[in-house]
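In my numbering, the protein residues as written are 45 to 690.
Ideal Cβ placement from N, Cα and C applies to all residues, glycine included.
For reference, the structure is listed below as structure tokens.
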Ligand SMILES: [Zn+2]
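Here it is, written out as structure tokens:
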């Protein structure tokens, strides 16, 4: 998923950006997260993927009976905001005496559970839906007969399912048809499918989805772009994936091919601009394959969602889900595509076994994302990203309590979404860069390539990674050099070790110098040399000016650069933050429309955080939120409810 970081890329002048109607934003992905585990056991290296470490965020018992395949069948009921149907789970017993299958659920209405020995004859069995835990949902315990090979659960989802968002036509680009989409990471798959909802359990799946006839369904599976709008769609996911990567969307969707193996699904009004924005996707895939080995998922398509999508992107395999806020008109925010594409190796292919190991997914993905950007767009851009991210990480570390500054974070008793800070992304990336600097790029690249091969289609713990690293890379390095890495400190302690690689960008240093000259009164805003600035440089300028500005200074910036009306959603975000901080009333109407139109959590939460710091601001936040809340995704609603209840 994309996460809370904001990054941009590209070079578009602010003037160009301001003519673009869609905002931009980006972030890298953060995905949802999950559980923590205590006693990591490693993934075994057998032919079939084995259940990984005990996952504190799942009730499942994959160590006894593990689910290997799902057959899903749903009616998509927009009238009741529900999926009605069945999930048929093919099971394998790892313990001969096992007589119970335990699944995760949240807010599901289960009406029947049946068993079969032969796939033909079904008979009802006893099941118990336990008490619901606020974080984990409710366990579903199913009694197994001795010969049962599959379990069929008949159920409906709740209209408020945490992993499903139902949109009115008014919340879409086209305004004519409803839209629904899922977001399973971290532990939301259980709110729309009863299953062993742990990233340590991998399944293949098939699905049949019935929809209103004007609409198209797509999934994180083999999609048939030319399937007629018959009201029924079928899907097959042949590669085993963890539950958090199962995804479904239904809406007025069209497809545009970008290359023989890449394309875009989006609403008709958006599909052409999306295909133009993302046309470098094939080049990014080719670059990644050169570095880290073959793409193993056949196709790579993108689905552009309505603006309420709470994240920048979600790396659903074969079909990345993306926010429309990255369609800037100038490719300035396609770093998000690089990030989600990189997850095809780090995360989707080699997966964190529990949510405690989330940094394995995201650190490798940020590292790969940077390497892709360097290949396709050059080093200067990466230097800017790295420099901005270093500052972002410093702010995040200053905000977080020490236990949450740890890569191998303890999430016992907590929602895995709590672990989705900048730490697994940015601190983790610094560790990988340190390793690269220590052994040299060529050696580190061949290590990474072998790592993806070795653990392909498996879910691993931090301990598995460390063992592999020591065996395959550090064993060839002098002891003193290995000791100097302080690997254990990086993984298990808060803060940032002193050997963290530095980042430097000449371009951003110049921007900071210009901001200082303006703030010091040496030069007017209109006289600043901003013509060549990229999105990153604009962002750096806004973070480099003093926190407190006078009304005259705010007006001067706005007059010179048109910040209040800027189309780039990331630049607009930082400007609105500056406006709230400095009580700049001319930006308030834009603030309101921004918060109502966009539901991406990374872009809206900091604005609410800043608003509630004053009495006036809180009143404004509450008034805006009353109008905005019905359009937000449950994940964003939960975050903003939290801000306003403080
Ligand atoms: Zn990510």
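If you compare the alpha carbons of 497, 433, 130, 298 with that of residue 249, the shortest gap goes to 130. For residue 639, the closest alpha carbon among the candidates 237, 626, 653 is that of 653. When DSSP assignments are scanned along the region 258-336, the uninterrupted stretches of alpha helix (DSSP H) that are 4 or more residues long and fall wholly within it turn out to be 312-321, 325-336.
Straight-line measurement puts the Cα of residue 400 at about 32 Å from the Cα of residue 423. Under the Cβ criterion (8 Å, minimum of three pairs), the region 318-325 does not count as touching the region 281-297. Secondary structure at residue 450: coil, using DSSP grouped into helix, strand and coil. The beta carbon of residue 383 sits closer than 7 Å to at least one heavy atom of ligand 1.
For ligand 1, no non-hydrogen atom lies closer than 7 Å to the CB of residue 278. As summarised for the region 517-599, there are no continuous beta strand (DSSP E) elements at least 3 residues long confined to that stretch. Rounded to whole angstroms, the Cβ separation of residue 386 and residue 419 is 12 Å, and the two are not in contact under 8 Å.
In this structure, the straight-line span from the alpha carbon of residue 107 to that of residue 506 is close to 19 Å.
Remark: the C-beta of residue 359 is in contact range of ligand 1, defined as less than 7 Å to any heavy atom.
DSSP lists 366 as the beta-bridge partner residues of residue 357. Shortest gap from the CB of residue 323 to any heavy atom of ligand 1: 7 Å or more.
By the Cβ rule, the region 179-187 counts as touching the region 137-156, because three or more pairs are nearer than 8 Å. Taking C-beta atoms as the reference points, residue 643 and residue 676 count as a pair closer than 8 Å.
Note on residue 427: 16 or more other CB atoms within 10 angstroms of its CB, so buried under the neighbour-count rule.
Relative to the non-hydrogen atoms of ligand 1, the Cβ of residue 464 never comes closer than 7 Å to any of them. Proximity to residue 174 across 118, 188, 148, 159 peaks at 148, based on C-alpha coordinates.
In the DSSP assignment, residue 223 is bridged to 211. The count of Cβ pairs closer than 8 Å, one atom from the region 390-410 and one from the region 458-472, reaches three, so the stretches are in contact. In this structure, the beta-carbon distance from residue 112 to residue 264 does not fall below 8 Å. Using a cutoff of 7 Å, the CB of residue 221 does not count as near ligand 1, since none of the ligand's heavy atoms is closer than that. Cβ neighbours of residue 233 within its own chain (closer than 7 Å, five residues either side excluded): 207, 239, 241, 287, 288, 290. Around the beta carbon of residue 645, a 10 Å sphere encloses 16 or more other beta carbons of the protein chains shown; the residue is thus reported as buried. Here residue 499 carries a coil assignment [DSSP, helix/strand/coil]. Residue 630 is positioned such that its CB atom lies no closer than 8 Å to that of residue 397.
Collapsing the DSSP output to three states places residue 509 in a helix.
Under the DSSP assignment, residue 147 falls in the beta strand (DSSP E) whose first and last residues are 144-149. Exclusion of the five residues before and after residue 572 leaves 558, 562 as the residues of its chain whose Cβ lies within less than 7 Å of its Cβ. Between residue 158 and residue 144, the beta carbon gap of about 16 Å keeps them out of contact (Cβ cut-off 8 Å). Below 8 Å, too few C-beta pairs join the region 210-230 and the region 134-141 to call them touching: fewer than three. Collapsing the DSSP output to three states places residue 396 in a strand. In the three-state scheme derived from DSSP, where H, G and I count as helix and E and B as strand, residue 248 is classed as strand. Remark: fewer than three beta-carbon pairs, one from each stretch, lie closer than 8 Å, so the region 267-280 and the region 517-527 are not flagged as touching. The Cβ-Cβ distance between residue 411 and residue 477 falls below 8 Å.
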